[in-house]
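*Asks:*
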Amino acid sequence: MKKDIEIAREAKIKDIEEIANYLEISDYEKYGKYKAKINPCFDEKKDSKLVLVTAISPTPFGEGKTTMNVALSMGLNKLGKKSISVLREPSLGPSFGIKGGACGAGYSQVIPMEDINLHFTGDFHAITSAVNLVAAMIDNHIYQGNEKNIDLNNILWKRCVDLNDRALREVVVGLGKKTDGVTRQDGFDITVATEMMAVFCLSNDLYDFKKKVAKMIVAYDTDGNAVTVDDIKATGPVCVLMKDALKPNLCQTLENTPAIIHGGPFANIAHGCNSIIATKTALSLADFAVTEAGFGADLGAEKFYDIKCRQAGLKPNMTVVVATIRAIKYHGGQDLKKIDEENIESLKKGFENLRIHLENLKKFSKNIVVAINKFDQDTNKELETLKNLVENLSLKAFECDVYHKGSEGCLEICDYIIEKSKEENDFKVLYDEKLPIEEKIKIIAKEIYRASGVKYSKKALNEIKRINNLNSDKLPICIAKTQYSLSDDPTNLNPDSEYEITINDIRLNQGAGFIVALTQNILTMPGLPKRPAAYDIDIDDDGNIMGLF
Numbered sequence: 006m007k008k009d010i011e012i013a014r015e016a017k018i019k020d021i022e023e024i025a026n027y028l029e030i031s032d033y034e035k036y037g038k039y040k041a042k043i044n045p046c047f048d049e050k051k052d053s054k055l056v057l058v059t060a061i062s063p064t065p066f067g068e069g070k071t072t073m074n075v076a077l078s079m080g081l082n083k084l085g086k087k088s089i090s091v092l093r094e095p096s097l098g099p100s101f102g103i104k105g106g107a108c109g110a111g112y113s114q115v116i117p118m119e120d121i122n123l124h125f126t127g128d129f130h131a132i133t134s135a136v137n138l139v140a141a142m143i144d145n146h147i148y149q150g151n152e153k154n155i156d157l158n159n160i161l162w163k164r165c166v167d168l169n170d171r172a173l174r175e176v177v178v179g180l181g182k183k184t185d186g187v188t189r190q191d192g193f194d195i196t197v198a199t200e201m202m203a204v205f206c207l208s209n210d211l212y213d214f215k216k217k218v219a220k221m222i223v224a225y226d227t228d229g230n231a232v233t234v235d236d237i238k239a240t241g242p243v244c245v246l247m248k249d250a251l252k253p254n255l256c257q258t259l260e261n262t263p264a265i266i267h268g269g270p271f272a273n274i275a276h277g278c279n280s281i282i283a284t285k286t287a288l289s290l291a292d293f294a295v296t297e298a299g300f301g302a303d304l305g306a307e308k309f310y311d312i313k314c315r316q317a318g319l320k321p322n323m324t325v326v327v328a329t330i331r332a333i334k335y336h337g338g339q340d341l342k343k344i345d346e347e348n349i350e351s352l353k354k355g356f357e358n359l360r361i362h363l364e365n366l367k368k369f370s371k372n373i374v375v376a377i378n379k380f381d382q383d384t385n386k387e388l389e390t391l392k393n394l395v396e397n398l399s400l401k402a403f404e405c406d407v408y409h410k411g412s413e414g415c416l417e418i419c420d421y422i423i424e425k426s427k428e429e430n431d432f433k434v435l436y437d438e439k440l441p442i443e444e445k446i447k448i449i450a451k452e453i454y455r456a457s458g459v460k461y462s463k464k465a466l467n468e469i470k471r472i473n474n475l476n477s478d479k480l481p482i483c484i485a486k487t488q489y490s491l492s493d494d495p496t497n498l499n500p501d502s503e504y505e506i507t508i509n510d511i512r513l514n515q516g517a518g519f520i521v522a523l524t525q526n527i528l529t530m531p532g533l534p535k536r537p538a539a540y541d542i543d544i545d546d547d548g549n550i551m552g553l554f
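In this text, residue positions in the sequence shown follow this note's numbering: the first is 6, and each later residue adds one.
1. Output needed for VAL166: all residues of its chain with C-beta closer than 8 Å, excluding positions within five of it in sequence on either side, in chain order.
2. With burial defined as no fewer than 16 other Cβ atoms inside 10 Å of the residue's Cβ, what is the status of GLU94: buried or exposed?
3. Taking the beta carbon of GLN149 as the centre, do at least 16 other beta carbons fall within 10 Å, making it buried, or is it exposed?
4. Tell me which same chain residues have a C-beta within less than 8 Å of the C-beta of ILE89, skipping the five on either side of it?
5. What span of residues does the beta strand (DSSP E) with CYS256 cover, start to end?
6. I'd like to know if the segment 245-255 and the segment 177-184 are in contact, where contact means that at least 3 CB-CB pairs between them fall below 8 Å.
7. Three-state secondary structure (DSSP) at PRO263?
8. Would ILE423 pass as a contact of LEU84 if the rule is Cβ separation under 8 Å?
9. Quick check: the Cα distance between ASN145 and GLY186, rounded to an integer number of angstroms?
10. Quick check: what's the CA-CA separation for GLU68 versus PHE380?
11. Secondary structure at ASP144, three-state DSSP: helix, strand or coil?
12. Between the Cα of ASP478 and those of LEU491, GLU505, ASP437 and LYS460, spot the shortest distance and give me the residue it belongs to.
13. Given a cut-off of 8 Å on the beta-carbon distance, is the pair LYS103 and ALA332 in contact?
14. Give me the DSSP bridge partner(s) of MET323.
15. Can you find at least 3 beta carbon pairs, one from the segment 295-311 and one from the segment 272-281, that sit closer than 8 Å?
16. Check the DSSP bridge columns for GLN515 and list the partner residues they point to.
17. So, using beta-carbon positions, are VAL245 and VAL139 closer together than 8 Å?
18. Identify the residues that DSSP records as bridge partners of ASP191: which are they?
19. Nearest CA to the CA of ILE143: which residue from ALA110, VAL115 and ALA239?
20. Can you check whether the CB of ILE418 is closer than 8 Å to the CB of ILE449?
21. Along the chain, where does the beta strand (DSSP E) containing GLU404 start, and where does it finish?
22. Report back the beta-carbon spacing between ILE330 and LEU259 to the nearest angstrom; my notes put them in contact at under 8 Å.
23. Thinking TYR408 and THR59 are a contact (beta carbons under 8 Å), I'd like their distance in whole angstroms, please.
24. What are the partner residues of ASP543, as DSSP defines its beta bridges?
25. Using beta-carbon positions only, say whether TYR310 and VAL374 come within less than 8 Å of one another.
26. Between ALA198 and MET530, what straight-line distance do the alpha-carbon atoms span, to the nearest angstrom?
27. Closest to VAL459 by C-alpha separation, out of CYS415, LEU498 and GLN525, would be which residue?
28. Going by DSSP, what residues sit across from LYS35 in a beta bridge?
29. When DSSP labels each residue in this structure, what does GLY301 get in the three-state scheme?
30. Could you pull out every residue in the same chain whose Cβ sits closer than 8 Å to the Cβ of ILE349, ignoring the five residues on either side in sequence?
31. State the CB to CB distance for the pair LEU533 and ASN169, rounded to an integer number of angstroms; the pair is presumed to be in contact (CB under 8 Å).
32. Between the Cα of LYS368 and the Cα atoms of LEU81, LEU435 and THR227, which residue gives the shortest distance?
33. Using CA coordinates, which residue listed in SER462, ASN322 and PRO45 is at the minimum distance from ASP210?
34. For the putative contact between GLY518 and LEU207, defined by C-beta atoms under 8 Å, what is the C-beta separation to the nearest angstrom?
35. Starting from the N-terminal side, write out each stretch of the alpha helix (DSSP H) that is 4 residues or longer and does not extend beyond the segment 103-137.
36. Measure the C-alpha to C-alpha separation of LYS395 and SER351 and round it to an integer number of angstroms.
In structure tokens, the structure reads:
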């Protein structure tokens, strides 16, 4: 089969004006022929359906969650329902690192994939500039006399760059002459892990964004009081930098179904959902908004429900869980070298991972369906076994060959989604945000990760005490955890209930409106692998990009 980039280049892409006209959008700014910034629109009276696409715990292969999202939006459109695929923007870190791009695959992609996977419309550059502007203003504030008495050992704000660069995790700034600033220890996060990205994605509009930015804590003073972005007079200039970035981006799929791509926090170290602005705009323009949340349901879906839906007042109508035969066999312990061989026992054993995710999702809502992302090596016996295992949980599973067939490969599940989403979903969040911090973390650990309890470092307990003293504890929890396991240990693929989650640190994201609990070995600045994807990316003499996928 052709490579993804070859398929994308052969697509009959429409001028973005045609896509905007189809959605009856008149207020937009073109970024070339195939991308546009659109003004947000919120029609609270429109009876649109919100579909969340999530997945089992990730494996080295990738489960095709974005591919399925794109295919479902195209399938719903083919069945006569105006639908929009609502996705996150890819980060340059994974694009040049180990994961690759995030535009789908095969005949279920969003395009123009080269643009989307690289600089797109510049949103991430704006966020990076905004974060680094705040950092520059903190250091200038200190250099110019430190009016707010900022404690140099208690500065929380880091600089950022949207690349994987382990050498920037810990740095020293202000070296050189006296006029080069005050010497202190600093560090970098990847842009998609910053609170600025979270605020960007959890704001309803520019006014709401400005309020949230003003509340972000950058440091503590020598008396232990919080110092905010507003305290160092950085709110206004940050909002000026972000004015255009806050407008959602419109593009299209291979089958010319509209796609809105906006924001992109990681789900293992942030809340992992596209922007509220994008989701609400899609719901205002279409019959179905098909959105996604990063990594497995234990991370992306839980945070989508407990953070994004809680803050935005959203109520999803349907949840689609993506699974593959080989991923389930991997969780069942099958050797990677033999992963394509039929093995019913490994499949049954690995189904435990999917079973837990499905049971967890039932704690939030009842309209759930499994999409089996089908591959050539899957046998009929394996597919039938998986469908029967799912049906034993009183749920439905559908085979979907969307990589080869696009929308044609998922029409059966799309019919089911249309009918099932008419039913009441009984949506609810997992916990009361007014509970104590430790109680909320315990609920997530036990109910979602199936742990017996939670252990805290001394640092984490001190941060909880500080947050309580600030009266900022009545916020939802965002747990930063490995994506590869239900537990906080990436090597423990099938954890039992006799383990404890370890919380090493706690961070207050006061602007974004949640508290981050970091488990063991979680980094907010990834590093490149031994053989990064960047090795294969090039451009020919005619300006064609090669090696991007």
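Cβ atoms here follow ideal geometry from the backbone N, Cα and C, with glycine treated the same way.
Since the model is a prediction, treat every value here as computed from it, not as a measurement.
*Replies:* Based on what the coordinates show:
1. Hits under 8 Å: THR133, LEU173, PHE193, ILE195 and THR196.
2. Here GLU94 is buried: its Cβ has 16 or more other Cβ atoms, across all protein chains shown, within 10 Å.
3. It counts as exposed.
4. Here the set comprises LEU28, SER78, THR262, PRO263, ALA264, ILE265, ALA287, LEU290, ALA291, PHE293, ALA294 and VAL295.
5. 254-258 is the extent of the beta strand (DSSP E) around CYS256.
6. Contact between the segment 245-255 and the segment 177-184 is absent, because fewer than three Cβ pairs lie under 8 Å.
7. DSSP places PRO263 in strand when its eight states are reduced to three.
8. ILE423 places its beta carbon less than 8 Å from that of LEU84.
9. One Cα belongs to ASN145, the other to GLY186, and the distance between them is close to 7 Å.
10. Linking GLU68 to PHE380 through their CA atoms gives a straight-line distance of about 11 Å.
11. Note: ASP144 maps to helix in three-state DSSP.
12. Nearest of LEU491, GLU505, ASP437 and LYS460 to ASP478, Cα basis: ASP437.
13. One detail in the question is off: residue 103 reads as Ile in this sequence, not Lys. No, the Cβ-Cβ distance between ILE103 and ALA332 is not below 8 Å.
14. DSSP output for MET323 lists VAL56 as bridge partner(s).
15. A contact exists between the segment 295-311 and the segment 272-281.
16. Per the DSSP secondary-structure output, GLN515 pairs with nothing in a beta bridge.
17. Cβ distance not < 8 Å, so VAL245 and VAL139 don't count as in contact.
18. Note: ASP191 sits in a beta bridge opposite VAL176.
19. Ranking ALA110, VAL115 and ALA239 by Cα distance to ILE143 puts ALA239 first.
20. At the C-beta level, ILE449 and ILE418 stay beyond 8 Å of one another.
21. Boundaries of the beta strand (DSSP E) harbouring GLU404: 401-405, taken from the DSSP string.
22. About 25 Å separates the beta carbon of ILE330 from that of LEU259, a gap too long to meet the 8 Å contact definition.
23. Between THR59 and TYR408 the Cβ distance is about 19 Å, and since that is not below 8 Å, they are no contact.
24. Paired residue(s): MET551.
25. Going by C-beta atoms, TYR310 is not nearer than 8 Å to VAL374.
26. The alpha-carbon atoms of ALA198 and MET530 are separated by roughly 8 Å.
27. For VAL459, the nearest C-alpha among the options comes from GLN525.
28. Beta bridge pairing from DSSP links LYS35 with ALA41.
29. DSSP, reduced to helix, strand and coil, places GLY301 outside both helices and strands of the structure shown, so it counts as coil.
30. Excluding five sequence positions before and after ILE349, the CB atoms of its chain that fall closer than 8 Å to its own CB belong to LYS386, GLU387 and THR390, given in chain order.
31. Their Cβ separation, rounded to whole angstroms, is 5 Å, which keeps LEU533 and ASN169 in contact under 8 Å.
32. Between LYS368 and the set LEU81, LEU435 and THR227, the nearest pair of CA atoms involves LEU435.
33. For ASP210, the nearest C-alpha among the options comes from PRO45.
34. Indeed, because the Cβ distance is near 6 Å, the residues count as touching under 8 Å.
35. If we require 4 residues or more, the alpha helix (DSSP H) runs fully inside the segment 103-137 come out as 118-122.
36. Before going on, a small fix: residue 395 reads as Val here, not Lys. Distance between the alpha carbons of VAL395 and SER351: 16 Å.
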